[in-house]
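Every number in my numbering is 14 more than the matching position in the sequence shown, counting from 1.
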Amino acid sequence: MTTRKEHCSFQQTVLVVALLAAFGQAYADDDMDKLTKPDTTSVSVGAAGTSGSRKDRSLWSQYNGYGDSDSAVLLDYEYIRREEATGLWTRSEGRNLGLDNRELNFSREMQSDWKFSIEYSEQVHHDPLTLNTGMQGIGSTNPVTNSVALAGGTNVNLDLKRKSFSLSGLKWISSNLSVEANFKSEDKDGTRLSGVGGYCSNVISPICSGTNSTVAALFLMPEPVNSTTQQFEGAVHYFEDKLSITAGYYGSFYKNDNSTVSLGGIGGVLGAGATQAALATNLSQPVALAPDNQAHQIYLSGTYAFQPTTRANFKVAYTHATQDESFGSLGSGSLGGAVDTTLAQVGLTMRPGSDWTLNFNGRYEQKDDSTRIANYYADSSGTLYTNSPSNSLRMTGKAEALYQFSRDTRGLLAIDYASINRNRPVSTSLVPSDSMAAMRERTNEVGFTAELRRSLSETLNGSLSLRHSERDGYRWYSLDPTTGYAFISYSASSNLSGTFPVTMLDRNRDAVKIASDWMASDALSIQASVEQGTDHYSGPTSAGVNNADTFSVNLDASLKLNDKWALTAYASSGKQTMGMRQDVGYIAELGNLNTTVGLGATAKISSKLELGGNVSFLEDRNTYRINMTTGAAVVNPPSDEIYRSMTLKLYAKYQLDKASEIQFELINQRTEYNQWAWGSSTTPFAYADNSTVSLQPIQNVTFVGGRYVYKFK
C-alpha cells in the first residue's frame, strides 16, 4: 500500500517532469529553484499621504486604515523558508503594519506530519456620517441628551474596531488519520449609530392611558459596543481508498459586556405636560442590547466511492444554542432561550455512461425552539402577551442530469424542491394585526432548470440557461390569538385588510441567461452575458409585493497589444424593480440602476520599469415612484438617491537591481452622494434634541504612496 508521504513525493516528481516537458531546459535552469527551494524574505517600507479632512474622504476611507490620519507608514514583510533535508516549512507575513487594518501571521509545517499557525488582525470601520450633538457620554451605557440649536453642538465621528486572534493546528497520526483544531477570538469595541423613538397616545400603550393628546419623538442614542466572539472547532479526519470521514465539534460563544443602554435627559427636552411626561418615561426605559449566547454543534460528514463512477457524500449535525442572560428590568428575567437544530444531508453522483452525469442531493433541517415562555408585551388595555417558539422544518432536494451530446455540445436538466413548515404562534402571544393580514404555515416550491453549452467554433463558446419555479402553499391562519390563530379559508383571507408576508405568498419566478466567450485572437478575448429575471406574486389581496424584475448585462475584454502593452476593459449594468402597495395607502415602484465602466492598461517600458493604471466609473441610483390608492396627489415625493464615483489609479515599479525595487502609487477618487435620509443641505434631519447626522455630499480625495522593496537572498 502506498503511504501518504510516498504519494505526496510521487505527485511532486510528476509535477517537475511535466514542467520540464512543457517549458524546456531553459525554464528549468532559471526557475526550478523557485519550485524546489521557494525561500523568500522581503521587506517593504514606505510612506503615504492623503489630501483633505476626514469629511473629504469619509466614503473612501471607511475600511482602508486612513479614517483619522492623513499620513501613514507603509510596512510589509514576507518570510518563507523550506529546509530541504527535513521538509520543514516556515512562513510569516505582515501587511499594513503601519495602518489600523494590520495583519500578521506565522506558521510552521512538517510535510505529512504536523502544522500550526497563528494569525492576528485589526480592522476599524470609520463611520462616514458625522454627528453634531450636545449629547454627553457618547459610547457609554448611560448617555444624556441635551437640547442645542441646530448645528450648535459638537461634531462627533463614530468608529468600531475589531481585533481578531486565531490559532490552528493539524497532526497526522498515520497515513490515513489526522486531527485538527482551530480557535478564533474577535473583540469589537466602539460605538454604532442608533436611536430610540416612539409616540404616546391613550390608544396604543397603557403607560399613556389618561393622556389627552399624541406626542411623538425620535432621539439619538448611539449603541456602545464592547463584545467578544469566540469560536472553536476540533475534527478527526479518516481516509481510505473509498471512504473519507470527518467527525467534529464546533462551538460559538458570544459575550457582550453591555447588556442595556438607557438615555437620560429626555424629560428636559420634551418639556412639561402629561403626554410628554408619559412619553419621556417610556423612552427612558433601558433598551436591551445583543445578549450573551452560545452554540454547540457535533457533526459527522464524509464521502464514499461505491465504484469509480459512483460517489456519495453525507453530513449529519446536531446544534444546541442557548441564551440565558437576564434582560435586567425588561421581561421576566432570563430569557431561557434554547434552540435545537437537527441537520441531515446526502448526495449522490453517478456516471452511468461516458456521456452521462447524474447528481442527486437532499437536505433536512429541523429547528425546535424550547425557549421559556414569559410575558413581554402589554397592549393598550394592559393585557399581557408572551413570546412564541419559532419551530420550523425545511426540506430541499435536487436532481440533475448532464449529457454530452458531442464534443462541442453539453446539456443540463435539473429539478429542485423546497418545503418550509412553520409552527403557528401560541395563543398567549400576539402578532399585531395592523402589521400583517395573515400568516401561512407551509410553503412549497418546485423549480426547473435547463441549460445548453456549445462550442460554436474553435474560438467562440456560448451558453443558454432557462429557469422556472413556482411557489405555493396552504394553511393561512388569522392573527387573532383568541381563536388560537385558527386556520382560515382562502376566500375568507381575501376579505382581510393588510399586507401578506412576501416570503409566504404564491410566486412564479422565471429567469433566462445568455453568455459567451470569444477568443478572437491570441491577443484579444471577450466575455459577455445578459440575464433577465421576473418574479410575480399572487396573494389573497393585492396588498404587499406584487412583482419584481431584474436585468443585467456584462462585458469584459482584454487585449495584448504587444509584449510590452496590455489593455483591459469592462462594463456592466443592472436594473432591479419592485412593485408593492398598501391595502389602503400608497402604491410604490422601487428601482435600482447600477452602472460600472472601467479601463486599465499595463506597460513594460523597459526591463526595469513597469507602468500601469486604470480608471473606473460607478453610478448607483435608487428611484421611488409613489402614488396613492385613493388617487390623491403625492405631495413632495422622495427624489432619487444617487451615488457616483470616479476613480483613477496609477502605479509605477522600477527595479534597482535583482534584490530591490521602488514602487509608487497614486489614487484620486471623486464621489457624489445625493441622498435624503438625513435631510438636504438647506433642511437637515434633526432628532428631538436637534442632533443632526450629515455626510459631505461631494468628496474628493487624493492618495500618494511610495515604497522601497528589498528581497534578501
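Idealized CB from N, CA, C, for every residue including glycine.
Between I429 and A415, the CB-CB gap reaches or exceeds 7 Å.
A straight-line Cα-Cα distance of about 5 Å links S315 and T260. For S340, there is no enclosing beta strand (DSSP E), as DSSP marks it with neither H nor E. Taking V239 as the centre and dropping the five residues before and after it, the same chain places the C-beta of L174, K202, D203, G204, T205 and R206 closer than 7 Å to its C-beta, in chain order. The beta carbon of E247 sits closer than 6 Å to those of N196 and Y264, all from its chain and outside the five residues before and after it, given in chain order. The beta carbons of N272 and L297 sit no closer together than 7 Å.
A distance below 6 Å between beta-carbons, with the five flanking residues on each side excluded, links S135 to the following residues of its chain, in chain order: E117 and S178. Excluding the 5 residues flanking it on each side, S121 has same chain C-beta neighbours closer than 6 Å at R105 and S131, in chain order. In the DSSP assignment, A451 falls outside any alpha helix (DSSP H) and carries neither an H nor an E. With respect to the C-alpha of N522, the residue from F514, D563 and N307 having the closest C-alpha is D563. Relative to the Cα of R485, the nearest Cα in the group R96, F462 and N458 belongs to N458.
Exposure of K256 is indicated by the presence of fewer than 16 other C-beta atoms within 10 angstroms of its C-beta. In this structure, DSSP gives L164 a state outside helix and strand, which the three-state scheme calls coil. Residue ranges of uninterrupted beta strand (DSSP E) with 3 or more members, entirely inside the stretch 228-288 and ordered along the chain, are 229-234, 237-253 and 257-270. It is roughly 30 Å from the alpha-carbon of F678 to the alpha-carbon of T609. In the three-state scheme derived from DSSP, where H, G and I count as helix and E and B as strand, P157 is classed as coil.
DSSP places A506 in the uninterrupted alpha helix (DSSP H) bounded by Y504 to S507. A residue is called buried when at least 16 other Cβ atoms come within 10 angstroms of its Cβ; A647 does not meet this threshold and is exposed. As summarised for the stretch 539-591, the continuous beta strand (DSSP E) elements at least 3 residues long and confined to that stretch are 558-574, given in chain order.
By the criterion of a C-beta distance shorter than 6 Å, S180 is surrounded in its chain by E133 and K198, once the five residues flanking it on both sides are discounted. Taking the Cα positions, V283 is about 25 Å away from W690.
Residues of the same chain with a CB within less than 8 Å of the CB of D536, apart from the 5 flanking positions on each side, are K574 in chain order. In this chain, the beta strand (DSSP E) harbouring P142 covers W128 to T147. In the DSSP assignment, V723 falls within the beta strand (DSSP E) that extends over I712 to F726. Rounded to whole angstroms, the Cβ separation of D84 and R109 is 21 Å, and the two are not in contact under 8 Å.
Ranking I601, T400 and K527 by CA distance to the CA of T463 puts K527 first.
Residue nearest to Y668 within the set L623, Q541 and Q299 is L623 (criterion: CA-CA distance). C-alpha of G81 to C-alpha of R68: approximately 6 Å in a straight line. Using a Cβ-Cβ distance cut-off of 8 Å, the stretch 391-407 and the stretch 368-377 are not in contact, since fewer than three pairs of beta carbons, one from each stretch, lie closer than that value. Membership of D383 in the beta strand (DSSP E) is indicated by the continuous run W370 to D383. DSSP assignment within the stretch 378-450 yields the following whole beta strand (DSSP E) runs of 3 residues or more, N-terminal first: 389-392, 398-400, 406-418 and 423-436. A straight line joining the alpha-carbon of L407 with that of D354 spans about 12 Å. The continuous beta strand (DSSP E) containing D354 extends over residues G351 to G367. The beta strand (DSSP E) runs lying completely inside the stretch 509-543 and spanning 3 residues or more are 520-532, given in chain order.
Beyond the five residues adjoining it in sequence on each side, Q359 comes within less than 6 Å, by CB distance, of K329 and R377 in the same chain, given in chain order. When DSSP reads this structure, A617 sits in a beta bridge with W579 and L625.
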